[in-house]
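Number of protein chains: 2
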Amino acid sequence: MTLAPPPAARVGDTLASVATPSLTLDLDAFDANLAAMSAFAARHGVALRPHAKAHKSSEIAKRQIEAGAVGVCCQKLSEAYPFAAAGIASIHVSNEFVGADKLAMAVELASHVRLSVCVDALPQVRALGEAAARAGVTIDVLPEIDAGQHRCGVTSEDALLALVDGIAAQNALRLAGIQAYHGGIQHVADWSARKTEAQRAADIAARYVRALDARGVRCAIVTGGGTGTVEFDAASGVFTELQPGSYLFMDGDYGGIGWSGELRWRHSLFVLSTVMSATRPGMAVCDAGLKGLAVDSGLPRSAHWLDASIEAALTYVSANDEHGMLQAQHAPDDDFARLVGQRLLLPPGHCDPTVNLYDEYVCYRGERVTDIWPIDARGLSR
Amino acid sequence: MTLAPPPAARVGDTLASVATPSLTLDLDAFDANLAAMSAFAARHGVALRPHAKAHKSSEIAKRQIEAGAVGVCCQKLSEAYPFAAAGIASIHVSNEFVGADKLAMAVELASHVRLSVCVDALPQVRALGEAAARAGVTIDVLPEIDAGQHRCGVTSEDALLALVDGIAAQNALRLAGIQAYHGGIQHVADWSARKTEAQRAADIAARYVRALDARGVRCAIVTGGGTGTVEFDAASGVFTELQPGSYLFMDGDYGGIGWSGELRWRHSLFVLSTVMSATRPGMAVCDAGLKGLAVDSGLPRSAHWLDASIEAALTYVSANDEHGMLQAQHAPDDDFARLVGQRLLLPPGHCDPTVNLYDEYVCYRGERVTDIWPIDARGLSR
Numbered sequence: 010m011t012l013a014p015p016p017a018a019r020v021g022d023t024l025a026s027v028a029t030p031s032l033t034l035d036l037d038a039f040d041a042n043l044a045a046m047s048a049f050a051a052r053h054g055v056a057l058r059p060h061a062k063a064h065k066s067s068e069i070a071k072r073q074i075e076a077g078a079v080g081v082c083c084q085k086l087s088e089a090y091p092f093a094a095a096g097i098a099s100i101h102v103s104n105e106f107v108g109a110d111k112l113a114m115a116v117e118l119a120s121h122v123r124l125s126v127c128v129d130a131l132p133q134v135r136a137l138g139e140a141a142a143r144a145g146v147t148i149d150v151l152p153e154i155d156a157g158q159h160r161c162g163v164t165s166e167d168a169l170l171a172l173v174d175g176i177a178a179q180n181a182l183r184l185a186g187i188q189a190y191h192g193g194i195q196h197v198a199d200w201s202a203r204k205t206e207a208q209r210a211a212d213i214a215a216r217y218v219r220a221l222d223a224r225g226v227r228c229a230i231v232t233g234g235g236t237g238t239v240e241f242d243a244a245s246g247v248f249t250e251l252q253p254g255s256y257l258f259m260d261g262d263y264g265g266i267g268w269s270g271e272l273r274w275r276h277s278l279f280v281l282s283t284v285m286s287a288t289r290p291g292m293a294v295c296d297a298g299l300k301g302l303a304v305d306s307g308l309p310r311s312a313h314w315l316d317a318s319i320e321a322a323l324t325y326v327s328a329n330d331e332h333g334m335l336q337a338q339h340a341p342d343d344d345f346a347r348l349v350g351q352r353l354l355l356p357p358g359h360c361d362p363t364v365n366l367y368d369e370y371v372c373y374r375g376e377r378v379t380d381i382w383p384i385d386a387r388g389l390s391r
Numbered sequence: 010m011t012l013a014p015p016p017a018a019r020v021g022d023t024l025a026s027v028a029t030p031s032l033t034l035d036l037d038a039f040d041a042n043l044a045a046m047s048a049f050a051a052r053h054g055v056a057l058r059p060h061a062k063a064h065k066s067s068e069i070a071k072r073q074i075e076a077g078a079v080g081v082c083c084q085k086l087s088e089a090y091p092f093a094a095a096g097i098a099s100i101h102v103s104n105e106f107v108g109a110d111k112l113a114m115a116v117e118l119a120s121h122v123r124l125s126v127c128v129d130a131l132p133q134v135r136a137l138g139e140a141a142a143r144a145g146v147t148i149d150v151l152p153e154i155d156a157g158q159h160r161c162g163v164t165s166e167d168a169l170l171a172l173v174d175g176i177a178a179q180n181a182l183r184l185a186g187i188q189a190y191h192g193g194i195q196h197v198a199d200w201s202a203r204k205t206e207a208q209r210a211a212d213i214a215a216r217y218v219r220a221l222d223a224r225g226v227r228c229a230i231v232t233g234g235g236t237g238t239v240e241f242d243a244a245s246g247v248f249t250e251l252q253p254g255s256y257l258f259m260d261g262d263y264g265g266i267g268w269s270g271e272l273r274w275r276h277s278l279f280v281l282s283t284v285m286s287a288t289r290p291g292m293a294v295c296d297a298g299l300k301g302l303a304v305d306s307g308l309p310r311s312a313h314w315l316d317a318s319i320e321a322a323l324t325y326v327s328a329n330d331e332h333g334m335l336q337a338q339h340a341p342d343d344d345f346a347r348l349v350g351q352r353l354l355l356p357p358g359h360c361d362p363t364v365n366l367y368d369e370y371v372c373y374r375g376e377r378v379t380d381i382w383p384i385d386a387r388g389l390s391r
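In order, the protein sequence lines correspond to chains X and D.
Residue numbers for the first sequence follow my numbering, so the first one is 10 and each next one is one higher.
Residue numbers for the second sequence follow my numbering, so the first one is 10 and each next one is one higher.
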């Protein structure tokens with residue numbers, strides 16, 4: 010006899026009967042975000058390659074492809090496997106990697122999908138080229154340039170040209186373009202300031218493209234951009250491909266910045282949680298803490314009762330491992346114990362690491378569960 | 010043909026060939042911590058019921074039982090399943106819960122193990138008693154008292170006595186004692202101040218025990234305590250059972266507090282990470298970020314090279330989703346690119362939520378992998 014926890018939810022359940030904490034996805038809002046980004050990319054004539062590190066789900070990747078995406082990005086090689094297994098034909102690993110374990114994954118993936126990867130150092134190019142040649146596969150390579158984040162990426166045109174020469178010397182590698190991603194500006198709160206920063210990053214990328222032109226090397230792809238900057242990146246004339254991820258879900262961090270342009274996003278991702286204790290006036294304790302909500306970018310900035318008739322307004326004030334502490338603004342003290350058992354929808358502060366805590370999305374429309382989507386790349390950080 | 014990432018490590022590998030990031034466990038240090046806590050509890054004549062929320066692994070729980078533990082604690086009902094399935098015979102769910110999904114798990118678990126749970130509200134007692142009676146199982150109940158943390162737990166002797174009466178009215182429930190846990194004082198840095206705070210919590214617990222005595226109710230178990238306070242709790246004369254979890258691993262948070270008494274712990278848990286990029290003087294980027302290290306209690310406070318001959322001292326200064334930014338103190342600039350591919354051992358700031366990111370422990374002695382232990386309760390937060 011197997012002894013395992015029952016499923017958190019079944020199709021047809023209402024949210025009021027889903028086990029908590031669960032990661033829930035409002036499909037009406039999700040669909041709207043999915044369609045809006047696809048239409049946006051089409052309107053601007055740029056390729057859309059959404060970042061799968063945000064959702065880690067091949068079910069979602071398939072829907073992005075159906076809506077017009079050219080493929081997906083992954084941030085790690087192991088993360089790419091479930092997407093390759095699900096038939097996603099084009100995967101870009103938007104990150105550097107090093108070591109025999111990583112080379113083995115790269116060449117295996119490249120025998121199943123059109124794989125592109127980032128590099129920023131010559132030894133990496135040589136090792137990759139030799140591994141690909143031994144395996145009889147071809148890998149597209151996009152040197153990463155530092156577009157201002159000062160994280161990975163080459164910091165001079167000379168260094169880029171050295172990589173390009175290194176790639177040219179490897180028969181199993183093909184220069185596909187460059188990557189220019191600046192994560193640090195995605196969350197600049199002021200829309201105009203964000204626009205200025207995005208223009209600065211695009212100018213840096215353009216300088217590298219010109220250096221390649223001057224060498225007679227055509228840079229077919231300039232890939233980068235995130236949810237916070239896509240509208241500027243698409244208009245820059247520099248980027249040919251966009252990598253947004255969080256637009257599907259939104260989160261507290263992105264929800265808190267200015268959106269003055271043509272793009273608006275809806276919150277679709279919520280942790281469903283239950284108040285499990287309320288023994289002190291003005292405080293309630295819910296069952297979603299650090300293991301149910303990533304707090305690196307802040308606590309949930311709001312807490313909505315699933316039962317809209319409940320009036321007590323709550324603020325999520327601190328997280329322990331499995332407890333979320335909530336402070337009440339307007340609850341009459343004598344009513345407080347009655348909150349026990351009531352359910353809350355909590356928008357996470359940061360969607361990506363929150364998704365990485367769960368094994369599935371409980372998808373709903375209205376208050377009815379319509380689908381369960383596995384988070385099949387959860388934990389694949391290698 | 011299946012397409013899945015290769016295993017991170019195999020028994021017999023050296024740490025130099027384990028895929029990164031991986032969660033690694035130094036078994037010599039682990040064994041020392043395991044033995045020290047068991048000996049400590051035996052010496053003081055208190056029962057040891059380690060908290061399995063810290064390790065989420067039935068392999069580790071079995072070793073704790075073999076070393077003398079009377080059972081384990083879990084923080085959630087779903088978390089208890091892998092331990093019940095692995096044959097752990099006595100499980101205490103050290104937390105409140107509410108709702109039909111939770112009651113169903115409680116009665117199922119109680120049909121396999123000796124289950125005890127916490128309560129702090131009368132409706133919860135009634136619902137649990139009725140569910141247990143319907144299922145024909147008996148559940149031990151330990152009302153939680155607020156020992157000063159102001160999280161869950163009753164806040165008056167009258168409220169405790171009302172719960173005791175409520176439990177007595179349920180044939181399927183049995184009052185086993187009380188729980189008095191104060192998580193907030195576990196990390197008080199100053200040893201003497203921590204001792205004073207622990208005494209205060211024990212005094213509160215003693216007051217509740219006396220209230221039960223006065224009612225003629227014998228309180229067989231007073232359970233509580235964590236790694237930071239066990240030595241005071243054991244000496245208090247109040248606690249009969251201790252619930253420490255982090256002592257097996259230690260972490261940045263616990264490593265940073267004072268240990269002036271009879272207990273010392275070794276760091277046994279490290280995230281093994283690889284430097285994957287270093288294009289700017291004085292900076293390196295490793296492959297363990299927010300998805301490889303919980304940062305709620307701070308970044309890794311140290312970073313040790315796996316290869317002890319490397320002299321560059323690094324500080325982990327910030328975490329992105331899949332990138333860790335490291336600043337170098339003493340590396341000559343021209344040597345910096347040579348750090349790419351080198352491996353680091355990073356002690357997490359907070360062990361519990363870091364463990365919850367991984368599916369397995371890569372266990373080693375010296376530099377040799379000797380075992381792979383599944384983290385079979387990972388993600389079980391319901």
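All C-beta atoms in this analysis are idealised placements derived from N, C-alpha and C, irrespective of residue type, glycine included.
Legend entry - Where the segment 73-87 of chain D meets chain X: residues whose CB sits under 9 Å from a CB there: Result list: Gln84, Lys85, Leu86, Ser87.
Legend entry - DSSP state of X:Leu366 mapped onto helix, strand, coil: In the structure shown, X:Leu366 sits in coil (DSSP, three-state: anything other than H, G, I, E or B).
Inset, instruction - Starting from the C-beta of D:Gly175, find all residues in its chain whose C-beta is less than 7 Å away, skip the five residues before and the five after it, and write them out in chain order. - result: Excluding sequence neighbours, D:Gly175 sits near Leu131, Val134, Arg135.
Inset, instruction - Would you verify that the beta carbon of D:Asn365 is, or is not, closer than 8 Å to some beta carbon of chain X? - result: At least one CB of chain X lies nearer than 8 Å to the CB of D:Asn365.
Inset, instruction - Go ahead and label X:Val116 buried or exposed: buried means 16 or more other beta carbons lie within 10 angstroms of its beta carbon, across all protein chains shown. - result: Around the C-beta of X:Val116, 16 or more other C-beta atoms lie within 10 Å, and the residue is accordingly described as buried.
Inset, instruction - Report yes or no: do the segment 61-69 of chain X and the segment 86-106 of chain X share at least 3 C-beta pairs separated by less than 8 Å? - result: In short, these stretches touch, since the Cβ pair count reaches three.
Legend entry - Nearest candidate by alpha-carbon position, reference X:Leu36, set X:Ser269, X:Glu250, X:Leu389, X:Gly375: That would be X:Gly375, whose Cα lies nearest to the Cα of X:Leu36.
Inset, instruction - Count the other CB atoms, across all protein chains shown, that sit within 10 Å of the CB of D:Ser125; report buried if there are 16 or more and exposed otherwise. - result: Answer is buried; the Cβ neighbour count reaches 16.
Legend entry - Beta-carbon proximity of D:Thr147 to D:Arg183, cut-off 8 Å: A distance below 8 Å separates the beta carbons of D:Thr147 and D:Arg183.
Inset, instruction - In the DSSP assignment, find the beta strand (DSSP E) that holds X:Phe279 and state where it starts and stops. - result: Segment 278-286, the beta strand (DSSP E) holding X:Phe279.
Legend entry - Collapsed DSSP secondary structure at X:Ala252 in the structure displayed: Before going on, a small fix: residue 252 of chain X reads as Gln here, not Ala. DSSP, read as helix, strand or coil, puts X:Gln252 in coil.
Legend entry - Cβ pair count under 8 Å reaching 3, the segment 17-32 of chain D against the segment 258-268 of chain D: The count of Cβ pairs closer than 8 Å, one atom from the segment 17-32 of chain D and one from the segment 258-268 of chain D, stays below three, leaving the stretches out of contact.
Legend entry - Three-pair Cβ contact test at 8 Å for the segment 241-248 of chain X versus the segment 210-218 of chain X: The count of Cβ pairs closer than 8 Å, one atom from the segment 241-248 of chain X and one from the segment 210-218 of chain X, reaches three, so the stretches are in contact.
Legend entry - Nearest to D:Leu348 (by Cα), restricted to the options D:Pro30, D:Asp385, D:Thr288: Just measuring C-alpha positions, the residue of D:Pro30, D:Asp385, D:Thr288 sitting nearest D:Leu348 is D:Thr288.
Inset, instruction - Between the Cα of X:Ala312 and those of X:Arg123, X:Ser306, X:Gly333, spot the shortest distance and give me the residue it belongs to. - result: Of X:Arg123, X:Ser306, X:Gly333, the residue nearest in Cα terms is X:Gly333.
Inset, instruction - Using a Cβ cut-off of 8 Å (strictly closer), state whether D:Ser201 contacts chain X. - result: Chain X contact via Cβ: absent.
Inset, instruction - Would you verify that the beta carbon of X:His121 is, or is not, closer than 8 Å to some beta carbon of chain D? - result: The beta carbon of X:His121 sits closer than 8 Å to some beta carbon of chain D.
Inset, instruction - Using the Cα positions of D:Gly301 and D:Val107, report the straight-line distance between them to the nearest angstrom. - result: Roughly 32 Å between the two C-alpha positions.
Inset, instruction - Within 10 angstroms of the Cβ of X:Ala297, are there 16 or more other Cβ atoms? Answer buried if so, exposed if not. - result: In summary, X:Ala297 is buried, with 16 or more beta-carbon neighbours lying within 10 Å of its beta-carbon over all protein chains present.
Inset, instruction - Mind checking who X:Pro357 pairs with in its DSSP beta bridge? - result: X:Pro357 is not bridged by DSSP to any residue.
Inset, instruction - Answer with buried or exposed for D:Glu331, where buried requires no fewer than 16 other C-beta atoms within 10 angstroms of its C-beta. - result: With a 10 Å radius around the Cβ and a threshold of 16 neighbouring Cβ atoms, D:Glu331 comes out buried.
Legend entry - the segment 136-145 of chain X contacting the segment 189-200 of chain X, beta-carbon criterion three pairs below 8 Å: Judged by Cβ distances under 8 Å, the segment 136-145 of chain X makes no contact with the segment 189-200 of chain X, as fewer than three pairs qualify.
Legend entry - Below-8 Å beta-carbon distance, D:Leu105 vs any chain X residue: According to the sequence provided, residue 105 of chain D is Glu. The question's Leu does not apply to it. Taking Cβ atoms only, chain X reaches closer than 8 Å to D:Glu105, which makes this a yes.
Inset, instruction - Have a look at X:Thr11, X:Lys85, X:His60 and flag the residue whose alpha-carbon is nearest the alpha-carbon of X:Gln73. - result: Checking every option, the nearest Cα to that of X:Gln73 belongs to X:His60.
Legend entry - Contacts of X:Glu68 in chain D (Cβ-Cβ under 7 Å): Chain D residues near X:Glu68: none, gap ~17 Å exceeds 7 Å.
Legend entry - Neighbour-count burial assignment, X:Glu105, 16 or more Cβ in a 10 Å radius: Counting of Cβ neighbours within 10 angstroms places X:Glu105 among the buried residues, the total reaching 16 or more.
Legend entry - Selection from D:Glu369, D:Leu251, D:Leu112 that minimises the alpha carbon distance to D:Leu281: Of the listed residues, the one whose Cα sits closest to D:Leu281 is D:Glu369.
Legend entry - Neighbouring residues, chain D, relative to X:Pro14 (Cβ below 7 Å): Simply Ser87, Tyr90, Met114, Leu389, Arg391.
Legend entry - From X:Val102, X:Pro290, X:Ser327, residue whose alpha carbon lies closest to that of X:Ala337: The option with the nearest alpha carbon to X:Ala337 is X:Pro290.
Inset, instruction - Using a Cβ-Cβ cut-off of 8 Å, state whether D:Ala142 counts as contacting chain X. - result: It does not: the Cβ of D:Ala142 has no partner Cβ on chain X nearer than 8 Å.
Inset, instruction - Look up D:His313 in the DSSP assignment and say whether it is helix, strand or coil. - result: In this structure, D:His313 counts as strand in the three-state DSSP scheme.
Inset, instruction - Give the secondary structure of X:Arg153 by DSSP, where H, G and I count as helix, E and B as strand, and everything else as coil. - result: According to the sequence as given, residue 153 of chain X is Glu; it is not Arg. Strand.
Inset, instruction - Ignore the nearest five residues each way along the sequence and tell me which others in X:Asn329's own chain have a CB closer than 8 Å to its CB. - result: The beta carbon of X:Asn329 sits closer than 8 Å to the beta carbons of Gly298, Leu299 from its chain, once the five residues preceding and following it are set aside; these are given in chain order.
Legend entry - For X:Leu57, the residue or residues it bridges with in DSSP: X:Leu57 is bridged to X:Leu251.
Inset, instruction - With DSSP as the reference, label X:Gly422 as helix, strand or coil. - result: Given a span of 10 to 391 for chain X in the structure shown, any question on residue 422 of chain X remains unanswerable.
Inset, instruction - Could you tell me whether the Cβ of D:Ser286 comes closer than 8 Å to any Cβ of chain X? - result: So yes, D:Ser286 belongs to the interface.
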